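Residue numbers (this note's numbering): 12 to 223.
Using N, Cα and C, we set each Cβ at its ideal position, and we do this for glycine too.
Given the structure is predicted, the values throughout are model-derived calculations rather than measurements.
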């Protein structure tokens, strides 16, 4: 019987390391979501990941901030790909709702792929709540190309809204998306498509509200 070929340059040790890193990331994301980033020790993460060595987390990821960055990166790529597809679908649109859709659905569509239970929305809520973690996450998203493009197109639909007000409402929209998704993620079977529709309606109304 022909033996399966290995990916070039990847031996058994490299595969074991990748598998261990993945287990640590999943365990850390769950524990951070449930208990808070600063309430979870590396030892607890190692034990939850099935690692007998209590230094496994620091060996594979370094500091806790590096571990948080790795969890962010694990989800950022698929979210950005969904955002890219939506951006291409609505390219040239001058309709606010289209660009609100491009803001909401990358998150909810990605959450739908994670199955149930999932912990990413609650993990993201932890990042938003703690100032130092929020700054860390903001730095990670600074270079996300499609996120900036979608925000620019959304702002183009709001020429009469002063820039400081637009930015304030961007922050409101992000807070609503993150915390509402975190709350719904706690349910047994989140209806992400319906949740997306509700968020799009609410955030479109938020941007359209008069500046009094």
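With H, G and I counted as helix, E and B as strand and the rest as coil, what does DSSP make of residue 189? helix
With C-beta atoms as the reference, is residue 40 less than 7 Å away from residue 191? no
For residue 155, the nearest candidate out of 93, 49, 209, 173 (CA to CA): 93
Nearest to residue 163 by alpha carbon, out of 138, 113, 186, 80? 113
Over the uninterrupted alpha helix (DSSP H) stretch that includes residue 200, give me the two end residues. It is not in any alpha helix (DSSP H) - residue 200 carries neither H nor E in the DSSP assignment.
Between the Cα of residue 176 and those of 217, 60, 52, 34, spot the shortest distance and give me the residue it belongs to. 217
For residue 10, tell me which candidate among 132, 165, 139, 201 has the shortest Cα-Cα distance. Any property of residue 10 remains undetermined from this structure, which presents the chain solely from 12 to 223.
For residue 56, which residues of its own chain have a beta-carbon under 7 Å away from its beta-carbon, when the five flanking residues on both sides are left out? 35, 38, 39, 42, 68
By a C-beta neighbour count over all protein chains shown, 10 Å radius and 16 as the cutoff for buried, is residue 26 buried or exposed? exposed
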